[in-house]
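For reference, the structure discussed in these notes is given below.
Protein chains in written order, with the working numbering: chain W, 1 to 359; chain U, 360 to 718; chain G, 719 to 1077; chain E, 1078 to 1436.
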């Protein structure tokens, strides 16, 4: 219950702090007989890794994952899969100057208020470093989904005020990895990259939006009432550091539409029931209907900035906080694989849950 | 795991279909010693009840709740609280014409795809009637929160294109119940009401936004990683029928801000640590910081409309669906108490979880 | 977490006190498409019902179950099944004399210590009346198991010092219901019945043992580590009121055996792998091996007796407690259907869990 | 749900196989501010370690635990505690001869039936090696309980037919660690040791019983209905490899007693409510009453024996299995710290759960 477990049947439990000895996770419930492509897991981690381009944090971490258990002769056995990534570049000294200060819009104050203590080095448990464990677990979920023909693809659709118009159908998602921003529109990507560099030069940060689409999802995934598929997807996204909003299908814009315009008509297309439009975002009554599932997640500007900021310390005294640590000017390029990982874990979980639907 | 339970420590399990014998719930984990004001529970249900005004569905249900257990001499005992609301006005005949048809943007098709069977009367389990059980459970959570000085207040901030500018601080929330729309701005409420009536006259429906604020919440609620307070709030909202999006604090708009502008500076105000701005929406690193928690939930237009719609039936044949059942032209006025209920349940749960934070 | 839910995927949540308005439960996760024989559910309740014979409590309760939801046209729909049994014969006055007294070996004191309050009427939530809800839920589990050819049968194998020698294979389990004791050996049953009557005449009570066998269980049910099939069965039994011990297979007696004697040799019997002996009780490494699963559950003598007993009241003062309420002289005859219900729920849950074992 | 997690609020998730790279666990929910004596954790592991005496398996494992996270400046932070023990002495070759054979009364066959695959080396996940992770987690639970004055002590009370008469009150538990059998009666310990050596010399194995007592436990721990304190203790014990039975308080012997004899009278002892006898074993209605909690767990003879045994292989062919691996002639001496660990984890969990009992 302490919040470090995600999923019911395909579930991960993560551990680790930014500057501790290792971060890692246990994947429990991954079905037996899944071939594990360890290189793929490592490649997914590389997509999230710091230092991968000029527009992300320059902290150096190889993020080499070690597999401890649950895999035998290249396949999962049904036993829990323990994994760890040892922290290589833990410059604890970088953070001593903020040991008793509460950095604005970080978790320093709230962690202190909750536990009366905290590992202040690099944000400790609240560091986005924790998401590496999610990506490792999500990579296994992706391999599982692959066997169902399900694919999760995310991309950057907005950085600051620069917003890609249209939907996921208007872009070529195979181009997402072709630029450091992970925006599949090359023109927009170039603008975003320039903008992020400007912001970084000013010692500042900016927010963004990650869009995602899940294709190949069969009808029938999701539960009624509370564990609706989109509710679990929403929680998955909102649990990612810096995420402030989630919408799926027509989302906030759908609010202004009429029912007659918003409703997705069913039709029989060569024996398969499909909808002519997809404002529902592939989910109706909380359960997938076989159409593409698409959603958007909003990320706030990173809280670590260079200019001095007014704050208080543990004693409640006024202090000045200065951003010395290495940080991302914009979180969304590296958030793309995290969004995919969390979506993959959510869908994998619901595939297993679906297996109990009928006698 | 079948999705009908919400919460970890303060938890509800709901049951019931639109046209079955009764809907109801079990509240498990409500602490002992809480005085239960049964009239308050009933009053909350009245806020959600059909037929309460001209702009909501005219289905007639008294929604009289019966308490089965867990309360003794006016107080909770720590035992589970069973409650039921018997269905009075179950006109099953109304629905025979859609027994094998999939109504567009309803859950008919997905339920059929998942379970191979469904109670088609009034949407069965997918009916918004299920939310009455949430409101009953949420009323107990509200009573629990009251003992902590915590209050949850929601209101309608948008209907179709009619959007109330500004934030919750710009309106007088004591006026929310003064009009049938539940918009605290009387001028805007009048416009919204007229608009909803127009839409209804056209046999159509329209979406809306419910905004909410939680005041009096102490710092320290929420868990790191996956069970962040806002992630659980988001899931709670997204689990409500017709909800398509959730954002808290600066939300999607915060994306375009710079970190230097978005960060909330801490200051010591008469011995209490507060923030000068509140783009964080009262939650940092997933944990409450003692400031107001505010969020918005988007609701799509109701799927039931009067004009004939093209669809298919279970056999995959093209059919026409006509809206005969009683329905809401706009869901948000009645969604207000549901949003409050789900938020109250979420916070109550995290208050209990917080009790395990320290040795 | 408040303890009123059993099972992970096939799960029940019960509510209700001895003298409240109703007891009941929600069955969540029962797969769709199961024909529900309501008469069978009622018949199972009749086996647990008070007043069914001279050797059980004479409290009069019809124990008529009402189905609220989750069943449509005679079949489960996958939606939660709400059920209630209204309390007919709630003589609250019977218990006013013990309102502030702690009855020896009852839960009065511990409930008071835990919650600071309690519904003292008839033991409130701690009353064995709660087990009626288990039997109703277990009846659905039995119907589910039946479709797999799995059967759970329990019987009384010991009352006080009167112990049936041999194993479940030495008796004809079809005779269990032929006598009020529910001991399949007619001679022993007669002795036990006489003994129970003697004990009752003395105003006293006595304990007993219920034995059970699960036949038709496929290999592969159960999880490694903590949720071993026998561990969940053990918890299920120990959760029944008055249960003090559990053993399966060779149990406590197996302790004195040598490995060479205790090991069950595998052999191929017409293409099926079986064991020549079954000291393992059908479970190896926590997972079923396809052989019969058998176990025993020990029940202490009922705490309610007629002779005056020394005790204390809430103020800590010495008081005398006298047994006025109607009670069972021996719990095991009525425990038989409860043991079966809890075992059926456990196996049903593991059948659903097993569905996620492989890719 | 895959069975590798124990506990609700103070919870462990374990991973690892006998011959994989590492075993380990995540402790989630351990409250913040607990001083962690790492040497104590290591000392507990030493009590379980193979090779510690002549009467246990001679497999050589240092069982050196590494702490990955959740501890900062010597104290828990409330973040999950990752731990691992690397496997040093993994002689995979020892097991190639049984790669496709099902060893009698091992989990080989059931794992194969469940997952269609298995790590056959040393039993893989079904190896008792997994219990090292439990002991590490249990050591943290013990440190937590210590701050409450609660102590868990287990000892060997039976080996084969050699049974220590009397109760835990008749022995001096401070002597348990004074001999390799972990029986606090030196005379009996010597007999047991001789007996185990004889059995080992014959290439055979024998079972035993571990008794335990929990002192200092406050009244009020445990939940009604399903999560009774003794039900969770029972599940904890039964989840340990080779455990076949559990009883608490009067247990199976209490069956033959009369209620008038079995009931524990309450009395006021200097302002504290106590019972004059303790047949209840410190638990009434599933909730602790402040008296000593005591129980017994039965362990079967270890399945690995030296003499050749008839069995079958994956193809269903008759084969002979010979015991070549290193193994324990009797499991109970090393089971003592495991029993203590699981009991400590159970009580720690219920202490946290108890914190939600009252408003």
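Each residue gets a CB set at the ideal place from its N, CA and C atoms; glycine is no exception.
Practice item. Give the DSSP bridge partners of residue 929 of chain G, in chain order. Key: G/873 and G/1014
Open item on the list: Against residue 1038 of chain G, what residues of chain E qualify as contacts under a CB-to-CB distance less than 7 angstroms, listed in chain order?
Closed with: For residue 1038 of chain G, none of the residues of chain E pass the 7 angstroms Cβ criterion, the least Cβ distance being about 11 angstroms.
Is there a C-beta anywhere in chain U that falls below 8 angstroms from the one on residue 1310 of chain E? With 8 angstroms as the cut-off, residue 1310 of chain E does not count as an interface residue toward chain U.
Report task. Taking 8 angstroms as the cut-off, decide whether the C-beta atoms of residue 379 of chain U and residue 786 of chain G are in contact. Result -> yes
Q. Between the segment 568–584 of chain U and chain E, which residues of the former have CB atoms less than 7 angstroms from a CB of the latter, in chain order?
A. Here the close residues are 583.
- [ ] Give a yes or no on whether the C-beta atoms belonging to residue 704 of chain U and residue 399 of chain U are separated by under 8 angstroms.
- [x] no
query: Roughly how far, in whole angstroms, is the beta-carbon of residue 181 of chain W from the beta-carbon of residue 55 of chain W, given that I think they are within contact range, below 8 angstroms?
result: 7 angstroms
Is there a Cβ of chain W sitting closer than 8 angstroms to that of residue 458 of chain U, yes or no?
Chain W, which has no Cβ nearer than 8 angstroms to the Cβ of residue 458 of chain U, makes this no.
Could you tell me whether any Cβ in chain U is nearer than 8 angstroms to the Cβ of residue 996 of chain G?
no
Chain-order list of residues whose beta-carbon lies under 6 angstroms from that of residue 1380 of chain E (same chain, five-residue window excluded) | 1182 and 1183
### Task
Determine which residues share a DSSP beta bridge with residue 801 of chain G and list them.
Beta-bridge pairing links residue 801 of chain G to G/743 and G/785.
In chain order, what residues of the same chain lie with their CB nearer than 6 angstroms to the CB of residue 1159 of chain E, ignoring the 5 residues before and after it? Hits under 6 angstroms: 1103, 1145 and 1146.
Endpoints, the alpha helix (DSSP H) within which residue 868 of chain G is located
Neither: residue 868 of chain G is in no alpha helix (DSSP H) and is coded neither H nor E.
| How would you list, in chain order, the residues of chain U whose beta-carbon sits under 8 angstroms from the beta-carbon of residue 360 of chain W? | Nothing in the structure corresponds to residue 360 of chain W, since chain W is present only between 1 and 359.
Members of the segment 3–25 of chain W that neighbour chain G once the beta carbon cut-off is set at 7 angstroms: 9
Query raised in the report: Hey, does residue 705 of chain U have any beta-carbon neighbour from chain W nearer than 8 angstroms?
Result: It does not; no Cβ of chain W falls within 8 angstroms.
What does residue 714 of chain U touch in chain E if you count any residue whose Cβ is under 7 angstroms from its own? 1432 and 1433
Checklist entry - Helix or strand or just coil, what does DSSP make of residue 484 of chain U? => result In the three-state reduction of the DSSP assignment, residue 484 of chain U falls in the helix class, which pools H, G and I.
Cα-Cα, which of E/1425, E/1226 and E/1188 is closest to residue 1293 of chain E?
E/1226
Consider the Cβ of residue 256 of chain W: report whether some Cβ of chain G lies at a distance smaller than 8 angstroms.
-> No, its Cβ sits nowhere closer than 8 angstroms to a Cβ of chain G.
Spell out the partners DSSP gives residue 963 of chain G in its beta bridges. G/1016 and E/1324
Practice prompt. Determine, using beta carbons only, whether residue 1335 of chain E and residue 922 of chain G come nearer to each other than 8 angstroms.
Written response: yes
field: C-beta atoms of residue 672 of chain U and residue 460 of chain U nearer than 8 angstroms
entry: In contact: residue 672 of chain U and residue 460 of chain U (Cβ atoms closer than 8 angstroms).
Below 8 angstroms, can you find three or more Cβ-Cβ pairs linking the segment 153–167 of chain W to the segment 183–197 of chain W?
yes
Flag this pair as yes or no: are the beta carbons of residue 476 of chain U and residue 795 of chain G separated by less than 8 angstroms?
Yes, they are a contact pair.
Report task. Name, going along the chain, the residues of the segment 492–517 of chain U whose beta-carbon falls closer than 8 angstroms to a beta-carbon of chain E. Result -> 503 and 506
- Span of the alpha helix (DSSP H) around residue 1029 of chain G: Here residue 1029 of chain G belongs to no alpha helix (DSSP H); instead the beta strand (DSSP E) covers 1027–1030.
Original post:
Would residue 273 of chain W count as contacting chain U if we go by Cβ distances under 8 angstroms?
Top reply: It does; some Cβ of chain U falls within 8 angstroms.
task: Determine the direct distance from the alpha carbon of residue 956 of chain G to that of residue 1055 of chain G, and round the result to whole angstroms.
output: 15 angstroms
- Item | For residue 1407 of chain E, the residue or residues it bridges with in DSSP | E/1283
Fill in: Below-8 angstroms beta-carbon distance, residue 1306 of chain E vs any chain U residue
no
Using 8 angstroms as the limit for Cβ to Cβ distance, is residue 1202 of chain E near chain W? So yes, residue 1202 of chain E belongs to the interface.
Limits of the alpha helix (DSSP H) - the one that residue 359 of chain W falls within
First-last for residue 359 of chain W: undefined, no H or E at that position.
* To do: Report the option in U/634, U/418 and U/570 whose CA atom is closest to the CA atom of residue 722 of chain U.
  => Here chain U has residues from 360 to 718 only, and residue 722 of chain U is not among them.
- Return no unless some Cβ of chain U is closer than 8 angstroms to the Cβ of residue 797 of chain G. yes
Notebook entry, point to check: Among W/282, W/60 and W/43, which one has its Cα closest to the Cα of residue 51 of chain W?
Noted result: W/60
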